[in-house]
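Enquirer: In this note's numbering, each number is its position in the sequence shown, counted from 1, plus 13. Note that CB positions come from ideal geometry on N, CA and C, so glycine has one too. These numbers were taken from a predicted model, which means no experiment stands behind them. Sharing a structure below in C-alpha cells format, with a few things to ask.
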Amino acid sequence: GTVTMAMNSMAYVQGSSPTSGSGMFVDGYLKLEQMDAIRADTSRYDYNYSVFPFAEHGELVTQTREATELQIATVMNAYIARNETTHYDYKYPVWMSAESPDFTFQARIRIPASQQVLYRPGFLELCKYAWVQILSTYLIFWWLFTKFEWVVFH
Numbered sequence: 014g015t016v017t018m019a020m021n022s023m024a025y026v027q028g029s030s031p032t033s034g035s036g037m038f039v040d041g042y043l044k045l046e047q048m049d050a051i052r053a054d055t056s057r058y059d060y061n062y063s064v065f066p067f068a069e070h071g072e073l074v075t076q077t078r079e080a081t082e083l084q085i086a087t088v089m090n091a092y093i094a095r096n097e098t099t100h101y102d103y104k105y106p107v108w109m110s111a112e113s114p115d116f117t118f119q120a121r122i123r124i125p126a127s128q129q130v131l132y133r134p135g136f137l138e139l140c141k142y143a144w145v146q147i148l149s150t151y152l153i154f155w156w157l158f159t160k161f162e163w164v165v166f167h
C-alpha cells in the first residue's frame, strides 16, 4: 500500500551555556513519529497548515486572537496532540561563546531517505499475504499426510 502525505511540522531545539553566546549551531535529523497507523492507499493532508496559529494563510489583519493561543505551551500541546509529528534528533549543539548584542541560530535539518511509516493494510493486501500463508501451511500438512498415508497403507 501507499500513503501520500503532506504536512507542516515543527523542530524544537533547546540549548544553554553558562557563558554568554553569540550563536548556536545544531545538526540533526527530522524524524517522523506516529501515534496510530495510517490507513493504506490514502492521501493525508490533515496537517498541511501552519503549526503556529498566527501564520495561517488568508487571515485578515483585522482578526484578533486570544493571547493564550499564541503561547508556546499552547502551540506545543496542540502539536503533540496530532497523530503524526516530527522529532528533531540532534546530538551535539555547538555554542559560540562571545559577547554580542546579536544571537545567530543556525540549524542543518536532515530528513532521512527512508523512515518507517506505520499503515493499516487494505483488504486486498491482507488477502495477498493470507493466501501465501495458507498455501504454505497446506503444503506442509499435505506432505505430512502423504507420508503418514504411505506408512499406514503400504
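#1: Any idea what DSSP makes of T81, helix, strand or coil?
#2: I'd like to know if the stretch 118 to 127 and the stretch 136 to 152 are in contact, where contact means that at least 3 CB-CB pairs between them fall below 8 angstroms.
#3: Identify the residues that DSSP records as bridge partners of F118: which are they?
#4: I'd like to check one pair, N90 with D49: are the Cβ atoms closer than 7 angstroms?
#5: Contact defined as beta carbons within less than 8 angstroms: I believe T87 pairs with A24. What is the distance between those atoms, to the nearest angstrom?
#6: I'd like the list of long-range same chain contacts for R57, defined as Cβ closer than 8 angstroms, with 5 residues on each side in sequence excluded.
#7: In three-state DSSP terms, what is E97?
#8: By Cβ distance below 7 angstroms, which residues in the same chain neighbour S113 in space, the five residues on each side in sequence not counted?
Expert: Taking the coordinates as given:
#1: Residue numbering aside, residue 81 sits at position 68 when the sequence shown is read from its first letter. Helix, per DSSP.
#2: The stretch 118 to 127 is not in contact with the stretch 136 to 152.
#3: As a first step, residue 118 is located in the sequence shown; it is residue number 105 there, counting from the start. Paired residues: M37.
#4: Counting from one through the sequence shown, the residue named residue 49 turns up at place 36. Counting from one through the sequence shown, the residue named residue 90 turns up at place 77. Cβ atoms of D49 and N90: not closer than 7 angstroms.
#5: Numbered from its first residue, the sequence shown carries residue 87 at position 74. Numbered from its first residue, the sequence shown carries residue 24 at position 11. Not quite, the Cβ-Cβ distance comes to about 18 angstroms (not below 8 angstroms), so this is no contact.
#6: The sequence position of residue 57 within the sequence shown is 44, counting from 1. When the five nearest sequence neighbours on each side are left out, the beta carbons in the same chain lying within less than 8 angstroms of the beta carbon of R57 are those of V16, T17, M18, A19, M20, I51 and E97, in order along the chain.
#7: As a first step, residue 97 must be located in the sequence shown, where it is residue number 84. Note: E97 maps to strand in three-state DSSP.
#8: Looking up residue 113 in the sequence shown gives position 100. Closer than 7 angstroms at Cβ, skipping near neighbours: S35.
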